[in-house]
Amino acid sequence: MRQHCTLKIGPRIFRIGSDWAAPVRQLRALYADYPMPDDLIAHFTVRLEAARWWRHFLRPSVHINGDHMLPGALPLPLAQGLLAAEMGMNLQLALGERHFLLLHAASAERNGKVLILTGESGSGKSTLAALLGEHGWRLLGDEFVLIDPTTGHAWPFPRPVSLKNASIAVLDAIVPPARFGPLLTGTPKGDIRHLVPNAAALSGMDSPAAPALILFPRFGVPRDVRTMGISEVFIRLTQASTNYVALGEAGFGALTRLVTATPARAIDYPDTMTGLALVEELWSALA
Amino acid sequence: MSAAARLLAALLADPGRVAQVRTEQWPMLLTIARAERLAGTLALRLDGLKLPASVQAALDAARTEAQHNRTTALWESEMARRALGDLGLPVILLKGTAYAAAGLTAGQGRQIGDLDILVPRDRLDTVEAALLKAGWEWVKPDAYDDLYYRRWMHELPPLIHTERDRMIDVHHTILPLTARPKPDAAALIAAAVPLRDGLFALSPTDMVIHAAAHLIADGELDGGMRNLWDIDRLVREFGVNDSHFFTILEVMAQRHGLSAATTRALRLAHALYATPLAAPFRARLSQTDRLFLARILARDCWGRGMNKPFRLGFYIRAHLIRMPLPLLLRHLWIKWRRMG
Amino acid sequence: MRRAVPLDALTALYHRRSGQTHLVTEPVPAILAALAHGPATLAELVVRLELQGLVADTDTPARLRERLDELETIGLVWRL
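Chains as they are written, first to last, in the working numbering: chain C, 75 to 361; chain X, 340 to 679; chain S, 146 to 225.
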């Protein structure tokens, strides 16, 4: 494809091809501070394609394709091409990864130990992780944590954090404008703006660490902390994984090891600052 | 035609050529291998050879995927055996599941989709009832599709297992009833060979004929590289040490009305993978063969199908072969009306 | 054939042949362990469980039968 670029995020390299120049230009700008890929051979290929050649120009809409496809995925307007590229990378990893156990979770590291935050969309895990990343933690990622079945360690996947709606302003107040991507309005999830992780997160993207705490946050409800049975954690993490079944016994080994070795709590919090304090409190109690 | 797809074929046939692959060729090789569902096969072919670390990682992933695929496919056939084992009829595994269950090289690293089985046509009702009792259900309860399948197709409407979410296709012959060639289903069943667990596979020559029919008479040539790879592996495994193999193949292909499809598929396999062929099958590629080959290899280095109009031509052709024209129109018309 | 990891009240079971994970509770691990010695009728199964002290008072033959039916559905045990 005429327009393309190669990006390295944590241990994975993506080759992105596009029928249009704009998404690739925006990707290059957003990923300008990322380390150059150390290898020409990408793990995954993403294609941003027009359905028909004339749709390059007329009502252009971006179809997200690649090595692994999800039938029936709807296209996005070209103005949201950057979002399409990000979704394409997520999709390739989610469907194609066969070494790391993938958990749909945000994560951050401090003192060589990893905190995993997992929950559905709207649980606030992206915002919490982004804030932790600005308050002395190393952000590992806001979308996927990659568990290495051989070591049990969590690998970073520090894509730009995709901030949605109200959380854009929360981070805008404390992060320099240069680290933000363009504001994307009217997406299927409302307003989206990408936040590039800081230098510590990017330079540390090849450094995994051992998980120490798993939290299941819930946003917008009165403050509460609940201990969880190991089997409940196990079930919820199989549901949060896109490739648990496909990894076979390696996935079983990785997940049972993670849940039996790592304490877990369900936390409810009414607002972001309370959530942040609660995370710090539970983290301190570990030591 | 794609040079990258040709390179993939060359590498599958002769893994020793891996040393000549340039670094910048690997991303497209891997992409095309995935698009053609040959990544797992490539991983096993290149096993133990010196590869760049990232290529090795990608192939390890493909191998994990193939392994998982094989496990679920064989489990599905085992569950079908438990459901159908006591009916006193032969249950014949087809395609990928059969290759894997029979331990054939064609099954190594191969991606396997739905479970395909062949049973005697006069026992379809019994099989259907036993599957429904054991937890399978119709995918779409639609009267028209149902009737269409039962009248014109070579299989029951697809069934899916409620717990395991896996599909089973129950065939009673290997081509739709509307196709011009009329394979002799009774002969296929009579020649089937038992596997160790009570299930059956087609005889070696019938396996090759089925793969050829699937590629040329029945399909749209999609997945042609893999289909020809299956044929290459089957011929090498059965044909090299058995002097009668090609003789029987010729006779049986004729009996099933699939001589043209079989001889063409073998010529194409030879062109792509240097499949060793005996005299009656050795021939120069015709002009049409070259078109088939170009179509099969039409994939660019981003894994996209090339030459869209060309592909469309073959799509229409595939429907024409499967169904006499008036029937095709009737079929499309009902489809359009339902969409409107 | 299987790999079991006790979690809490439940045991995670990886069944290699199907690639499926099951979460099971007693008496299922006991039934599977007892049947690992070879096929058995329901009566023989009860004897095996009792010999190993693995049968609870609530595990009546009728309840064991129910568990066996469930295990048959997921393919972990089968009728000969």
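Heads up, the beta-carbon is just placed ideally off N, CA and C, and yes, glycines get one too.
In this text, all values refer to a predicted model and were calculated from it rather than measured experimentally.
Closest in alpha carbon position to C/Glu217, among C/Arg297, C/Ala359 and C/His268, is C/His268. Taking every protein chain shown into account, the CB of C/Ile248 has fewer than 16 other CB atoms within 10 angstroms, so this residue is exposed. Put simply, the stretch 586-598 of chain X does not touch the stretch 404-418 of chain X. Fewer than three CB pairs are less than 8 Å apart. Looking only at X/Ser416, X/Ala419 and X/Gln359, the smallest Cα-Cα distance to X/Pro391 is reached by X/Gln359. Using a Cβ distance threshold of 8 Å, C/Val120 and C/Ile87 do not count as a contacting pair. X/Met367 is classed as buried because its beta carbon has at least 16 other beta carbons within 10 Å across all chains shown. The beta carbon of S/Thr218 falls within 8 Å of a beta carbon belonging to chain X, placing the residue at that interface. If you draw a straight line from the Cα of C/Glu183 to the Cα of X/Lys389, it comes to about 36 Å. Proximity of chain X to C/Thr334 at the Cβ level (cut-off 7 Å) is not reached, the minimal Cβ distance being about 23 Å. About 6 Å separates the CB atoms of S/Leu152 and C/Phe308; that is less than 8 Å, so the two are in contact.
For S/Gly164, the nearest beta carbon of chain X is closer than 8 Å to its own beta carbon.
The Cβ of C/Phe326 sits closer than 8 Å to at least one Cβ of chain S. DSSP places C/Gly162 inside the alpha helix (DSSP H), whose first and last residues are Gly155 to Gly170. With respect to the 8 Å criterion, C/Asn272 and C/Gly186 are not classified as neighbours on the basis of their beta carbons. In this chain, the beta strand (DSSP E) harbouring C/His137 covers Ser135 to Gly140. Chain C has no Cβ within less than 8 Å of the Cβ of S/Ala175. The beta carbon of X/Gly642 sits closer than 8 Å to some beta carbon of chain C.
Here C/Gln166 is buried. Its C-beta has 16 or more other C-beta atoms within 10 Å.
Contacts with chain C at 8 Å (Cβ-Cβ) include S/Leu155. Between the stretch 274-291 of chain C and the stretch 230-240 of chain C there are three or more C-beta pairs closer than 8 Å, enough to call the two in contact. Shown here for S/Pro184: same chain residues with a beta carbon closer than 8 Å to its own, the five before and five after excluded, namely Leu225 in chain order. The C-beta of X/Arg449 comes no closer than 8 Å to any C-beta of chain S. Within 10 angstroms of the beta-carbon of C/Ser241 lie 16 or more other beta-carbons, which makes it buried.
Contacts with chain S (Cβ-Cβ distance below 7 Å) from the stretch 385-410 of chain X involve His407 and Thr410, listed in chain order. At least one beta carbon of chain S lies nearer than 8 Å to the beta carbon of C/Gly322.
Just so you know, the alpha carbons of C/Arg99 and C/Gly193 end up roughly 32 Å apart. Under the DSSP definition of a beta bridge, C/Pro285 partners with C/Val188. For C/Ser315, there are no C-beta contacts with chain S under 7 Å, since the nearest C-beta of that chain is about 11 Å from it. Residues of the stretch 288-307 of chain C with a Cβ closer than 8 Å to any Cβ of chain S, in chain order: Gly303, Ile304 and Ser305. One alpha carbon belongs to S/Val150, the other to X/His553, and they sit about 45 Å apart.
Taking the C-beta atoms as reference points, X/Ala401 is found nearer than 8 Å to X/Ala382. CA-to-CA, the gap between S/Gly220 and X/Ser416 works out to about 12 Å. Taking the CA atoms as reference points, X/Ala524 sits about 18 Å from X/Thr465. Take the alpha-carbon of C/Ile288 and the one of C/Thr336: they are about 7 Å apart.
Straight through space, the alpha carbons of S/Ala207 and S/Tyr159 are spaced by roughly 27 Å. In this structure, the straight-line span from the alpha carbon of C/Pro285 to that of X/Val579 is close to 55 Å.
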